[in-house]
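Presented below is the structure to which this report refers.
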Amino acid sequence: VSPFKLHYWNKLTFFTLVVKQKLPGVYVQPSYQSALMWFGVIFIWHGLYQDGVFKFTVYIPDNYPDGECPRLVFDIPVFHPLVDPESVKLDVKRAFAKWRRNHNHIWQVLMYAWRIFYKIDTNSPLNPEVLYEKDVKLFKSKVVESVRLCNIYLIKRKCWRKKKKKKAEEQSKGLHPSHGKSSKNTCCCFFLSFVK
1 VSPFKLHYWN
11 KLTFFTLVVK
21 QKLPGVYVQP
31 SYQSALMWFG
41 VIFIWHGLYQ
51 DGVFKFTVYI
61 PDNYPDGECP
71 RLVFDIPVFH
81 PLVDPESVKL
91 DVKRAFAKWR
101 RNHNHIWQVL
111 MYAWRIFYKI
121 DTNSPLNPEV
131 LYEKDVKLFK
141 SKVVESVRLC
151 NIYLIKRKCW
161 RKKKKKKAEE
171 QSKGLHPSHG
181 KSSKNTCCCF
191 FLSFVK
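The sequence shown begins at 1 in our numbering and counts up by one.
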């Protein structure tokens, strides 16, 4: 086995650890070009950032897990105290000041990225414009705008043909699509297409 293949395979074992964690609302995929770059998306279901869909890239150091902690960079600006407004980098070092090989894992970085949208830390914000404690109303309006922009530019929901859409609506109401009877399988699905 070549050193390159061994190195690549070793990095993908870290991805397997992430998959096993089944992180809520966080989805990642290693790049085809490099196992050191992962693309991901975070879905926020409730709270101030409700309905937010935030696309990001994780950059893993060459010497991982021995070096620094991975970097997480959002694709477009996110109005948040822990996200630098210019570089759009998440302040990962706040949670992982010193990366420890046998204690810290990439899945913890991803969980931290998800958690910041639910538990907002305003101590020493990277974004000095964050006015959470001074003007909550203004903060909320900027969060709503940030969520709206992320959703417009990152995800495009493609509509089904009318027949398939009607079938999905019937299923979400608990009706069997062809018989009008109650169904135990209530699901509402939609196709997500990532837009660059």
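Using N, Cα and C, we set each Cβ at its ideal position, and we do this for glycine too.
Test: residue i CB closer than 8 Å to a CB of chain D
i, result
"I120", "Note that chain D does not occur in the displayed structure, where there is just one protein chain."
Which residues DSSP lists as bridging residue i, in chain order
i, result
"W38", "P30 and V58"
"V83", "L90"
"F43", "V53"
Coarse secondary structure for residue i, derived from DSSP in three states
i, result
"L90", "strand"
"R148", "helix"
"L72", "strand"
"V53", "strand"
"F96", "coil"
"F117", "coil"
"T122", "coil"
"K22", "coil"
"V78", "coil"
"L48", "coil"
"Y64", "coil"
"K134", "coil"
"I106", "helix"
"K164", "With a pLDDT of 45 at K164, under the threshold of 50, the modelled position of this residue cannot be trusted; read the value that follows with caution. Looking at K164 - three-state DSSP - the assignment turns out to be helix."
"F14", "helix"
Pick from the options that is closest to residue i, judged by C-alpha positions
i, options, result
"G85", "D75, V41 and T57", "Note on identity: in this sequence residue 85 is Pro, with Gly being the wrong assignment. The shortest C-alpha separation from P85 is found at D75."
"F117", "V78, S87 and S34", "V78"
"V41", "C69, S87 and G25", "G25"
"P61", "F54, C69 and K55", "C69"
"S124", "I44, H80 and W45", "H80"
"R94", "H105, S31, V144 and D121", "D121"
"L36", "Y59, W45, E129 and L110", "Y59"
"K119", "Q29, I44, A97 and S31", "I44"
"V143", "G47, H103, H105 and S87", "G47"
CB-CB length for residue i against residue j, believed under 8 Å
i, j, result
"F39", "T57", "6 Å"
"Y112", "V92", "7 Å"
"L23", "W114", "7 Å"
"L82", "L72", "Wrong, their Cβ atoms sit about 10 Å apart, outside the cutoff."
"V53", "N127", "20 Å between Cβ atoms; not a contact."
"Y201", "V147", "Beyond the ends of the chain as shown, which are 1 and 196, falls residue 201; an answer cannot be given."
"E51", "R101", "Per the sequence shown, the amino acid found at residue 51 is Asp instead of Glu. Their Cβ separation, rounded to whole angstroms, is 37 Å, which puts D51 and R101 out of contact at 8 Å."
Buried versus exposed call for residue i [16 or more other C-beta atoms within 10 Å across all chains shown]
i, result
"W107", "buried"
"Y27", "exposed"
"K55", "buried"
"V19", "exposed"
"L138", "exposed"
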